[in-house]
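Novice: If you scroll down you'll find the structure; I have some questions about it.
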Amino acid sequence: MANAEQKVNEEFVNPVVDPLEMWMRDVSPPPPLEVVDKPPGLIGDVAEWMMLTSREPNWNMALMTSTVNLGAGMSSRVIGPTESSTSLFALLLGETGIGKQHYLNCTRLVMPILGVPIGAQRYVSAAALERSIKRHRVWLSLFDEFADWMKRLLNDSKHGGNLEGVMEIMKMLWGLSAPTAVYPTRELGEVDSEDILRPQFSYLAPTTPAGFFAVLRSEEIINGWLNRHWVKNASPGVAERKPELSLRDGLPAKLAEKLKEFRGWIDSRAEFGTYWCQVNWADGRTEARYLRLRALMKTGDSNDRALQVRTAELALRLATILAGTQFRQVVTGADFEWGEAEALSSLKMLREGMEQYHREEMGTYQLANAIYEWLLKQPKRRAAISRISHRWGESGKYRSIFNDAMKVLTEDQFRLEIWTGERPQGGGSRGRVDEAKEGNE
């Protein structure tokens, strides 16, 4: 009996172990820092440092940021085996609060050593982007909350003119990789056009997947802007921890010396009498693998090709960066295998994102077409619109998609015909909403 009372006192009345201490024992310690598939050379070293300085380390974010930084550092002088560039347009997809800002902060420490300026965080017009081309020629931008920027540009102009102007220049810059490539600036008023030799523009754009794919319009897929991007999902979030290193201390001395050595190596590689250093194929087998991927990505229907046609070029850019960051002037099979894996993973992200976030949008356009064709057959269209709006616009199940479809139909280019019954000059059925929409762009 005495033993029982003692046990009760120890466990409930006067416990030997404090309850808070018991709770803390039950909380699992954070798992060890995981660096998966670390590439050799500076890409892996810089990415690992970014992990060690983060309270919420994320390997995919660190890997993409490191690669984009180093690729931008190489872009002013280095060209790949096909005279390709090392500039990258990188979309980093991650949910809000996952710690994307840390990797932007790391970039601001790395780029000065590589001699590459960081440009504007937002370009709201084509003229603004051209000013950076003239000012920097080679630069990196950090587009935080990329989807918000796209949405703003779309709203600034009735038909997205500002967005399209910026995207057109982006597409041109991505393709200016040959040593003799020139970008001619626009002639505006009293400002003459100016030829800029091989400008190199890279950017890292963190954003949420839902926000990005929701604001993306079909034109950006078709016109070749989206397929120029390296897309990567952030790794799953981990428990917050105390970082082993602090950004306040700057780059570790050894890593800073490696980056300086890397910059010196790039500058010293330029062939006599030229400004360029070309990274070549290590062997015919590696080149054949690239050509095979390139041929494969040109197959399929037009929708497939719209997403995948530049996958081989992206793989080669990544492989060239991996080779250069190991102080090598040849792309090996291992380099291209890594670049190919990343490029194909990016293509998979694009396909999955389009499938997930655009399925409902495509249904909206199909419904808009159906409503439009029905309205054309009605003798009293205003009464017909009122009737279907009352029936479907108040439906709990179909209200959202119906209202979206009606919004499509009441854009300026349709309003005259729908509400007055007059067909625009040129005739023909306007039930093909997508075709009419493209014609207005």
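Under my numbering, read the sequence shown as residues 1 to 441, first letter to last. Where a beta carbon is used, it is the ideal one built from N, C-alpha and C, also for glycine. Quick caveat: nothing in here was measured; it's all calculated off a predicted structure.
Once the 5 residues before and after K377 are set aside, which same chain residues still bring their CB inside 6 Å of it?
Specialist: By one-based count along the sequence shown, residue 377 stands at place 377. Taken in chain order, the list of residues that qualify is empty.
Novice: Identify which residue in A319, E355 and I371 has its Cα closest to the Cα of I43.
Specialist: Here residue 43 corresponds to residue number 43 of the sequence shown, with the count starting at 1. With distances taken between Cα atoms, I43 lies closest to A319.
Novice: Do you know offhand how far A210's Cα is from G94's?
Specialist: Counting from one through the sequence shown, the residue named residue 210 turns up at place 210. Counting from one through the sequence shown, the residue named residue 94 turns up at place 94. Spanning the two alpha carbons is a distance of roughly 9 Å.
Novice: Given M150, which residues of its chain have a CB within under 8 Å of its CB, disregarding the five upstream and five downstream residues?
Specialist: If you number the sequence shown from 1, residue 150 lands on position 150. The residues are L163, F212, V215 and L216.
Novice: Rounded to the nearest angstrom, what separates V110 and L367 at their Cα positions?
Specialist: What you label residue 110 is simply residue 110 of the sequence shown in a count that begins at 1. What you label residue 367 is simply residue 367 of the sequence shown in a count that begins at 1. Cα to Cα, the separation comes out at about 50 Å.
Novice: What's the gap between the Cα of L291 and the Cα of W281?
Specialist: Here the question's residue 291 lines up with position 291 in the sequence shown. Here the question's residue 281 lines up with position 281 in the sequence shown. Cα to Cα, the separation comes out at about 12 Å.
Novice: Distance check for A120 and I137, CA to CA, integer angstroms please.
Specialist: Numbered from its first residue, the sequence shown carries residue 137 at position 137. Numbered from its first residue, the sequence shown carries residue 120 at position 120. Note that residue 137 is Arg in the sequence shown here, rather than Ile. C-alpha separation (whole angstroms): 13 Å.
Novice: Taking the alpha-carbon positions, what's the T332 to E145 distance?
Specialist: The sequence position of residue 332 within the sequence shown is 332, counting from 1. The sequence position of residue 145 within the sequence shown is 145, counting from 1. About 36 Å.
Novice: Does the Cβ-Cβ distance between T86 and I266 come in under 7 Å?
Specialist: Numbered from its first residue, the sequence shown carries residue 86 at position 86. Numbered from its first residue, the sequence shown carries residue 266 at position 266. No; because the gap between Cβ atoms is not below 7 Å, this pair is not in contact.
Novice: Within 10 angstroms of the Cβ of R135, are there 16 or more other Cβ atoms? Answer buried if so, exposed if not.
Specialist: Position 135 of the sequence shown holds residue 135. Exposed, since its Cβ has fewer than 16 Cβ neighbours within 10 Å.
Novice: Within 10 Å of its beta-carbon, does L296 have 16 or more other beta-carbons around it, so buried, or fewer, so exposed?
Specialist: Reading the sequence shown from its first residue, position 296 is the one you call residue 296. Burial call: exposed.
Novice: Let's test the definition: count the other Cβ atoms within 10 Å of the Cβ of H390 and tell me whether it reaches 16, buried, or not, exposed.
Specialist: Walking along the sequence shown from the start, residue 390 turns up at place 390. The residue is exposed, with fewer than 16 neighbouring Cβ atoms inside 10 Å.
Novice: Give the straight-line distance between the Cα atoms of M50 and T299, rounded to the nearest whole angstrom.
Specialist: For the purposes of this step, residue 50 is taken as residue 50 along the sequence shown, with counting starting at 1. For the purposes of this step, residue 299 is taken as residue 299 along the sequence shown, with counting starting at 1. Approximately 39 Å, taken between the alpha carbons.
Novice: By the DSSP assignment, the alpha helix (DSSP H) with D304 in it spans what residues?
Specialist: Looking up residue 304 in the sequence shown gives position 304. Segment S302 to Q308, the alpha helix (DSSP H) holding D304.
Novice: Using alpha carbons as the reference points, say which of D192, L176, Y123 and L140 lies closest to M167.
Specialist: Here residue 167 corresponds to residue number 167 of the sequence shown, with the count starting at 1. Selected option, being the one with the closest Cα: Y123.
Novice: With burial defined as no fewer than 16 other Cβ atoms inside 10 Å of the residue's Cβ, what is the status of L226: buried or exposed?
Specialist: Here residue 226 refers to the residue found at position 226 of the sequence shown. Buried: at least 16 other Cβ atoms inside 10 Å.
Novice: I196 lies in the beta strand (DSSP E); which residues open and close that run?
Specialist: Start at 1 with the first residue of the sequence shown, and residue 196 comes out as number 196. Run containing I196: D195 to L197, per the beta strand (DSSP E) assignment.
Novice: By a C-beta neighbour count over all protein chains shown, 10 Å radius and 16 as the cutoff for buried, is T420 buried or exposed?
Specialist: In the sequence shown, residue 420 corresponds to position 420, counting from 1. Low per-residue confidence applies at T420: pLDDT is 49, beneath 50, and the placement is therefore not dependable enough to give any value.
Novice: For E240 versus E56, is the C-beta spacing smaller than 7 Å?
Specialist: If you number the sequence shown from 1, residue 240 lands on position 240. If you number the sequence shown from 1, residue 56 lands on position 56. Closer than 7 Å, so yes.
Novice: Can you tell me whether E257 is buried or exposed? The criterion is at least 16 other CB atoms within 10 Å of its CB, across all chains shown.
Specialist: Mapped onto the sequence shown, residue 257 falls at position 257. Exposed, since its Cβ has fewer than 16 Cβ neighbours within 10 Å.
Novice: Pull up the DSSP beta-bridge partners for S456, would you.
Specialist: In the structure displayed, the chain extends from 1 to 441; residue 456 sits before or after that span and is not available.
Novice: Might you give, ordered along the chain, the residues of its own chain that have their beta carbon closer than 6 Å to the beta carbon of H229, omitting 5 neighbours on each side?
Specialist: Position 229 of the sequence shown holds residue 229. For H229, where only same-chain residues beyond five positions count, the Cβ hits under 6 Å are F89 and L91.
Novice: Can you look up K298 in the DSSP assignment and give me helix, strand or coil?
Specialist: Numbered from its first residue, the sequence shown carries residue 298 at position 298. It is coil, neither helix nor strand.
Novice: What residues in its chain sit with their C-beta under 7 Å from that of Y103, if we drop five residues either side in the sequence?
Specialist: In the sequence shown, the residue the question calls residue 103 occupies position 103. These residues qualify, in order along the chain: M50, M61, A62 and T65.
Novice: Which residues bound the alpha helix (DSSP H) around F89?
Specialist: Within the sequence shown, numbered from 1, the residue matching residue 89 stands at position 89. Premise fails: F89 lies in the beta strand (DSSP E), F89 to L93, not in any alpha helix (DSSP H).
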